[in-house]
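Numbered per the working numbering, the sequence shown finishes at 889, counting up by one with no gaps.
Reviewing the structure listed below.
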Amino acid sequence: MSSVENQSQQNNTVPIIYRLQRLFFAVSIVLGTAAILVAAFANPPYYGSQQGIATAIATNATDSDLMDQTHLVAQLIAAYLLPLGFLAMAWLANRRSPWLASIGAFITLLGFLPLALYVGQDSLFYDIARWGSNPQFVDLAQRWNNDGIMAYYGIMFGLGTVFGPTLLGIALWRSRAIPVWAAICLTFSRLPVFLFPFVSYHVETAFVLAGVVLLFIGSIPAALAVLSAPHNDKS
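Printed below as a string of structure tokens:
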């Protein structure tokens, strides 16, 4: 029996649940990164003049409802799918680069699991803007954003969303699970964040938007690799 026939027979004997699992995680990779791409480009504060809660609320007040709602819905989808997508990428790299894959997955989850909290935060800013940007509400939002719990989440989000994808990109490159160019896209998608202290706010925004584009581009080969990986892989 030829290898092609053997592979075909093997695929035919794979339980449907395993195929559905592969499809689910592949879709999570692509839709998760696509959702964060849309959320970033539709994020009103990125089109403001500077950082800060008051500025974020002010930009929410001046832009369209469609833009705000698009951002919130896309970010909500990303909050569910991105952690699953990154776990699938770690699984791809786990066979040949288990340490990097494991550490990268752990750090990535530390960063992206709090994303759901930031969806609620952005929704709060949207509501305050629609209520007329009452100074008391703005002050409350600033106090809430600066308390100890939110400060912790902010640190974890910042570190996890930068170092996690970077380590997973390196792990995928070392494992040869995806093309080198795709691994490079994932690795460098968030590293420009380290330049933020030295550039203007608009340049920071450009770095963020370019990063989510790289993340989305690099995720497509990863999703295809999940679908095509051997079903007898025990790693």
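From the three backbone atoms N, C-alpha and C, an ideal C-beta is built for every residue, glycine too.
Per the coordinates, the alpha-carbon of D776 lies some 43 Å from the alpha-carbon of V668. Across the set D801, F842 and I832, the C-alpha of F842 shows the shortest separation from the C-alpha of L821. In the structure shown, the three-state DSSP call for I832 is coil. The C-alpha of I809 lies about 22 Å from the C-alpha of L726.
Straight-line measurement puts the Cα of I761 at about 13 Å from the Cα of G823. In the three-state DSSP reduction, G812 falls in the helix class (H, G or I). The DSSP assignment places 707-716 as complete runs of the alpha helix (DSSP H) inside the segment 671-725, in order along the chain (cut-off: 4 residues).
Secondary structure at D801: coil, using DSSP grouped into helix, strand and coil. When C-alpha distances from W745 are compared across E858, L826, V853 and G872, the shortest belongs to L826. For W753, the enclosing alpha helix (DSSP H) has its first and last residue at P752 to F766. Cβ-Cβ distances below 6 Å link I832 to L826, P875, A876 and A879 in the same chain, with the five nearest sequence neighbours on each side left out; the list follows chain order. Cα atoms of D719 and S787: separation of roughly 15 Å, rounded to the nearest angstrom.
The closest CA to that of L769, considering only V816, Y807 and A759, is found on Y807. By the neighbour-count criterion, in which a residue is buried when 16 or more other Cβ atoms sit within 10 angstroms of its Cβ, L677 is exposed.
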